[in-house]
Amino acid sequence: MADKTLSPIAIGDSLAQGMRDANQLPGISRVGAGPKEVYEMLERFAASNSLSGRDVFIGTGMPNIPEQKKFIEQQIDFVRKQGGNPILIGVGPGTKSKPTTGQNEFLAGLAERKGLTYMGPLVNMFPDVVS
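Read in order, the letters of the sequence shown correspond to residues 1 to 131 in this note's numbering.
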């Protein structure tokens with residue numbers, strides 16, 4: 001369980017960037033980051049900042065490089081090993097040329113299997129957005 005007196009962190013792709021910007025959260029993010037890069041961001045951030053007792057919102061990078069989805073479980077395990085509480089940010093519907101079909105289902109299943117919070121599809125997070 002995260003310590004609610006500690007500031008949450010957001011790390012990852014453009015979804016984490018949006019969460020950081022909207023909530024003025026510390027962390028690292030880059031638009032277009034894939035799962036491997038997000039894992040490396042987590043390592044880099046944890047090298048100089050404690051994750052212990054903190055909620056860590058993860059923009060997994062799956063929409064950008066879905067072939068790297070094996071790194072998402074590593075992201076979760078890394079945050080937990082550091083004492084943090086990983087929370088997965090869902091993905092949006094994607095685009096015609098790069099749909100995210102099945103990605104939210106994958107993330108929801110992984111979150112359930114690992115016993116962590118999954119925020120749901122992006123359209124559910126922001127119901128006023130029309131896809």
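Even glycine gets a Cβ: it sits at the ideal position worked out from N, Cα and C.
Computed from a predicted model, the values in this text were never measured in an experiment.
Evaluate the contact criterion for the segment 19-26 versus the segment 65-78: three or more CB pairs, one atom per stretch, below 8 Å. no
Pull up the distance between the alpha-carbon of Pro99 and that of Pro63, whole angstroms please. 8 Å
Answer with buried or exposed for Ser97, where buried requires no fewer than 16 other C-beta atoms within 10 angstroms of its C-beta. exposed
Looking at the unbroken alpha helix (DSSP H) that takes in Pro35, where does it start and where does it end? 35-48
Residues near Met19 by beta carbon distance below 6 Å, same chain, minus five either side: Ala10, Phe57
Just tell me which of Arg54, Thr95, Leu116 has its CA closest to the CA of Gly83. Arg54
Leu107 beta carbon less than 8 Å from that of Gly90: yes
How is Leu15 classed by DSSP in three states: helix, strand or coil? helix
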